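The listed protein sequences correspond, in order, to chains A and B. Heads up: the first sequence begins at 1 in this note's numbering, then just goes up one per residue. Heads up: the second sequence begins at 1001 in this note's numbering, then just goes up one per residue. Cβ atoms here follow ideal geometry from the backbone N, Cα and C, with glycine treated the same way. Just so it is clear, the structure is predicted and the values come from calculations on it, not from any experiment. Structure first, then comments.
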Amino acid sequence: MQVLRSLLFLLLLLTPLPALAYDVLIVQSMHEKGYEEAVRGFRKECRALSRMIVLSDYADLDLVRIVREEHPKVIVAIGDRALELAQRQGETPVLCMMALNVKPRRWVSGISMLFDPARYLSLFQTLGTDRVGVLYDPGRSGVYVKKALAASKGHLRLVLREVHAPKETPAMLQSLRGKVDALWMIPDVTAVSAASTEAYFLFSQSERVPVVSFADVYLTMGAAAALTIDRYDIGRQLGEMALDMLEGRDPEEGMVSPRKVLSRTNDGVVRQLKLSGLGGH
Amino acid sequence: MRRRTLRLPPYAKSFRFRLYLIFTGTVALLTAAFVSFYVATEAGTYRSNLEREGKLLATILAHNARLPLFAENVKALESLAESTARYPSVLSVSISDREGRVYARQFKSERIPDDAVTMSVPISLPSGLSPESALLGHREGNEERVIGEVRLRLDTTGERERVLTLVVASLGIGTLFWIVVSLLSYHVLKRVTGSFNLLLGGIEEIGSGKLSARVDLDGDDELGRAANAINAMAASLELRELENLALQEELLKAMKLEVQEEKKRVMARLIQTNKMTSLGLLLSSMAHEINNPNASIRFSGHMIGKMLADALPLLDGVWQEEGDFYLGGVPYNKARLVLVENAGKIVENSERIAMVVQGLRDYGVGGTVRQHQKLDVNAAVGAALSVLACQTNKDIQLNTSLGTGLPVVAGSQQQIEQVLINLILNAMQSFTGGHGEIRLTTRCETGGEEVLVEVRDNGSGIGSETMERLFEPFYSTKLERGGSGLGLYISQYIVAEHGGRLELTSCPGEGTLATVTLPAATC
């Protein structure tokens, strides 16, 4: 009887152990359709054992302690908040997606939200524009713009305007009057704020120049075309990276651009601006 | 206190004028009500339009100013304020941020009236997506962020002027409308009431007695039908009048005939009355002529009686002494009885003549009514029969059945005799062939309180028509035979004066019963 009790006690102690034995700790910032779509793509590609934590479900989560106690092999951060929390620990490699403000870290890699500038430049070339206006915050998008500027040389001319506060956007746009054939709206929270978004499309209407944006939601506001990400494919792309890491292969360093581009156009704007080279999508 | 009455001119009493007054008054009231309602509605509409215009201007300005305000572009904001202030109804424009800092302000004039309408609209930024949200597929928020305010002051002077213009125009149009409608209604009423006047004129003419007049109104409407009805009525009245005239003429003729006949009857009655009066005078004269010799006879009778009374003892002595002797060819024994008897008869008959003459005199002249006398009905019957003794003949059988122990009656015996004489005479004249029987009965009734005298005959009787008029004065079926028509009239009067009643019952062909009921005299 004494032996039986001891065995039962040991069984109870050992029962949680299989649940804690996982390889991937998925940390999601909040319950959001876009995040969940990406997670679905990730799980489609990476079927390793994982634990899912949604930060918005916790008031105060001690991720460092969890990582220290549960020893996941890789942390998948979804969203900026999750990435920020994951970066506080320095033991486990972090893969991130759906995050915009990624600070370069040695153990952090993932899928960027920004396409390769060459994709946009190719689109502008298709539109037949020579001068493309770009508003950006050097502190946020300076690297990306430099990359774009380098890629554009010899093909078209980027007319750059720096903005350091959202309220400068309308004035900077006004300064582009007559100087550009198209506007490139990049995902810079300083250059493109909720308040100043309208200024882009007013400028587009008054100057009759197309706006090429980074999300299809702007098509309804007046953008002529948008190159948008496929969240499911981003998840799959990150899943492949996670598998590489779990299987001991070194994944690609740093942030990788999404491999799949979805191109959308607003047929009405295209028709009004008489743009060539854009078919309806 | 005398009430002052409002004297209206004749035209004011006409149907046309009253109708016109009512119609124009109603139109004036309706026009005034409509103008008031219209002005009130339009005034409210002007103000709401002004507010709507101000709201629209402020909303447009707020929409246009949100980017310049977000960018703190004062120049653009001033330009917007200036362009908005150009609107005539805008007095001032100001654009300020959330903290109240004014970025642009425009005034049309320094002095802004107190009743200016203030319109404030917040300047809101649309709830656009941030780049992160757009990329991550977050849902777009609905909240708008207020970053400032647009304030407009709107001038209501134009509104007042427009309302004043509206009032003046409405009153002018309303008055014009009223005048036009009044003129039209006057003509319409004149046309409509013309038929009324024509109808009224015709009715008045017919009403004045000229039944040959007609209402000259054509048409199938109500007035036309009324005119036709009145014309038919007038024609009917005219026909009736002609018939009445004919009937009147016939009536006049009949009345003339009747009057002539009545005149004849009245004249006959007057003649009869005159005869009666003459008869009365004759009777009085006769009484006077009879009374004088009768008085002498009665006196002589008394004297003869007295002398005979004195002479009889002497004659008896002579008879005793000398034996029987003759007086006037009659032995003394018989002559003595005859003398005594005849002497008595002379006095008695003389008194009787006096009584009869007195009766005739009273009948003719009218004697003094002695109502307070007490009479014996049987005596009155006897007296009446003695008066009529000369009238009776052997063909008429007069039977009397006089009751015994009859109570006396208060009244005039002579008048009761007159009543009985009239009734007996009527009975005697009812025999068409001169033969008949008269039964005269007296008796006591109702326990001795009343005395009845019945005169029954078996003559021709009285017809029902005659029976109804029996007691009328001067009504007689025997006027041509000397009847006066006053007998029963006077008899009924006398009996009634005695507190009694005279009743006649008759059956034609079987006879008549006349009953005199007299109350017994009280002790």
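Cβ contact annotation for residue 1158 of chain B (same chain, cutoff 7 Å, sequence separation greater than five): 1088, 1089, in chain order. Note that the C-beta distance between residue 1216 of chain B and residue 1224 of chain B is not below 8 Å. Each residue's CA atom was taken as its position, placing residue 1421 of chain B and residue 1343 of chain B some 31 Å apart. DSSP places residue 184 of chain A in the strand class (E or B) of the three-state scheme. Against chain B, the beta carbon of residue 170 of chain A has neighbours under 8 Å at 1067, 1068, 1070, 1071, 1073, listed in chain order. The beta carbon of residue 196 of chain A sits closer than 8 Å to some beta carbon of chain B. Looking at the DSSP output, residue 28 of chain A sits in a beta bridge with A/54, A/78.
When DSSP states are grouped into helix, strand and coil, residue 1348 of chain B belongs to the helix group. When Cβ-Cβ separations below 8 Å define contact, residue 218 of chain A makes contact with chain B. The residue among B/1137, B/1483, B/1030, B/1286 with its C-alpha nearest the C-alpha of residue 1354 of chain B is B/1286.
Between residue 28 of chain A and residue 79 of chain A, the gap from beta carbon to beta carbon is short of 8 Å. Within the stretch 1031-1046 of chain B, no residue has its Cβ closer than 7 Å to any Cβ of chain A. For residue 1511 of chain B, DSSP records a beta bridge to B/1507. Taking the beta carbon of residue 1148 of chain B as reference, no residue of chain A falls within 9 Å; the closest one sits roughly 12 Å away.
In this structure, the straight-line span from the alpha carbon of residue 1470 of chain B to that of residue 1490 of chain B is close to 11 Å. Remark: C-beta atoms of residue 1458 of chain B and residue 1436 of chain B approach each other more closely than 8 Å.
Per the DSSP secondary-structure output, residue 1399 of chain B pairs in a beta bridge with B/1439. Contact check for residue 1091 of chain B against residue 1155 of chain B passes: the beta carbons are separated by less than 8 Å.
Among the residues facing chain A, residue 1154 of chain B is not included, as its CB has no counterpart in that chain under 8 Å away. In this structure, residue 204 of chain A places its C-beta atom within 8 Å of the C-beta atom of residue 183 of chain A. Proximity of chain B to residue 188 of chain A at the Cβ level (cut-off 9 Å) is accounted for by 1131, in chain order.
Counting along the chain, the unbroken beta strand (DSSP E) around residue 1104 of chain B starts and ends at 1102-1107.
With a threshold of 16 other beta carbon atoms within 10 Å, residue 136 of chain A meets it and is buried.
Neighbours of residue 1057 of chain B across chain A, judged by C-beta separation under 7 Å, do not exist; the nearest C-beta is about 20 Å away.
In this structure, DSSP gives residue 242 of chain A a helical state, which the three-state scheme calls helix. Annotation for residue 1203 of chain B: 1215, 1230 place their beta carbon closer than 8 Å to its own, counting only its chain and skipping 5 residues before and after. Taking 8 Å as the threshold, the shortest C-beta distance from residue 32 of chain A to chain B falls below it.
Nearest CB-CB separation between residue 55 of chain A and chain B: not below the 8 Å threshold.
DSSP places residue 139 of chain A in the uninterrupted alpha helix (DSSP H) bounded by 138-152. Going by C-alpha positions, residue 1492 of chain B is about 20 Å away from residue 1378 of chain B.
The Cβ atoms of residue 229 of chain A and residue 187 of chain A do not sit closer than 8 Å to each other.
For the 8 Å CB-CB criterion, residue 1484 of chain B and residue 1460 of chain B do not form a contact. Taking a Cβ-Cβ threshold of 7 Å, none of the residues of chain B is close to residue 147 of chain A; the smallest such distance is about 18 Å.
As far as DSSP is concerned, residue 1462 of chain B takes part in no beta bridge. Put simply, of B/1419, B/1069, B/1026 the residue whose alpha carbon is nearest the alpha carbon of residue 167 of chain A is B/1069.
Close to residue 100 of chain A, with beta-carbon spacing below 9 Å, are these residues of chain B in chain order: 1131, 1132, 1135, 1136.
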